[in-house]
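Chemist: Residue numbers (our numbering): 808 to 925. Have a look at this one before I ask anything.
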Ligand code: FES
């Protein structure tokens, strides 16, 4: 059964910088990307690294023809242990099709941010 927990004040979640808190016995990270908040477990699905301590990097995308380009509007989160990169929109990684980031449902009540956890 899921339970709702207070996470932080909305103003504490900064653009392109993770805020990491312990909530309900789990480590949780929140980040704002282009104004949109994403909240996820601070846990890499590959081998359990503290994923939200990884670096952000622009996504590699198809360019015109056979080229590739960097897209700074679609940052990837790079795991600090083995370097797998996860898309912060879809949660997917190119390294393993079945693994995804564990995004958490959240809601705002005034300035307060709450998350839902099992
Ligand atoms: S623990 Fe994250 S890529 Fe291995």
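Even glycine gets a Cβ: it sits at the ideal position worked out from N, Cα and C. Owing to the predicted nature of the structure, the values given are computational and were not obtained by experimental measurement.
Can you check the region 877-925 for any beta strand (DSSP E) of at least 3 residues that lies completely inside it and give the ranges in chain order?
Modeler: 892-894, 913-916, 919-924
Chemist: Is it buried or exposed for residue 883, if we count other Cβ within 10 angstroms and need 16 for buried?
Modeler: The residue given as residue 883 occupies position 76 in the chain shown. With 16 or more Cβ atoms within 10 Å of its Cβ, residue 883 is classed as buried.
Chemist: Which class does residue 809 belong to by DSSP, given the choice of helix, strand or coil?
Modeler: Sequence index remark: in the chain shown, residue 809 carries index 2 (1-based). Looking at residue 809 - three-state DSSP - the assignment turns out to be coil, as it is neither helix nor strand.
Chemist: Can you find a CB in chain D that lies within less than 8 angstroms of the CB of residue 882?
Modeler: The structure shown contains no chain D; it holds only a single protein chain.
Chemist: In whole angstroms, what is the alpha-carbon distance linking residue 764 and residue 810?
Modeler: This structure cannot speak to residue 764, because the chain is shown only from 808 to 925.
Chemist: Starting from residue 840, follow the beta strand (DSSP E) in both directions and report where the run begins and ends.
Modeler: The residue you call residue 840 lines up with position 33 of the chain shown. Per DSSP, residue 840 belongs to the beta strand (DSSP E) from 833-840.
Chemist: Should the region 891-903 be called in touch with the region 913-924, which here means at least 3 C-beta pairs below 8 angstroms?
Modeler: no
Chemist: Within the present structure, is the beta-carbon of residue 915 separated from the nearest heavy atom of the ligand FES by less than 7 angstroms?
Modeler: By one-based count along the chain shown, residue 915 stands at place 108. Result no, Cβ not under 7 angstroms from the ligand FES.
Chemist: If I follow the unbroken beta strand (DSSP E) through residue 865, where does it start and stop?
Modeler: Here the question's residue 865 lines up with position 58 in the chain shown. According to the DSSP assignment, residue 865 belongs to the beta strand (DSSP E) that extends over 862-869.
Chemist: Rounded to whole angstroms, how far is the Cβ of residue 886 from the Cβ of residue 855, which I believe are closer than 8 angstroms?
Modeler: The count along the chain shown starts at 1 and reaches residue 886 at position 79. The count along the chain shown starts at 1 and reaches residue 855 at position 48. No, residue 886 and residue 855 are not in contact; Cβ-Cβ is about 10 angstroms, not under 8 angstroms.
Chemist: Can you grab the Cα-Cα spacing for the pair residue 813 / residue 870, in whole Å?
Modeler: Against the chain shown, residue 813 aligns to sequence position 6. Against the chain shown, residue 870 aligns to sequence position 63. If I take the Cα positions, the gap works out to 42 angstroms.
Chemist: Kindly indicate which three-state DSSP category residue 815 falls into: helix, strand or coil?
Modeler: The residue given as residue 815 occupies position 8 in the chain shown. Of the three classes helix, strand and coil, the one that applies to residue 815 here is strand, per DSSP.
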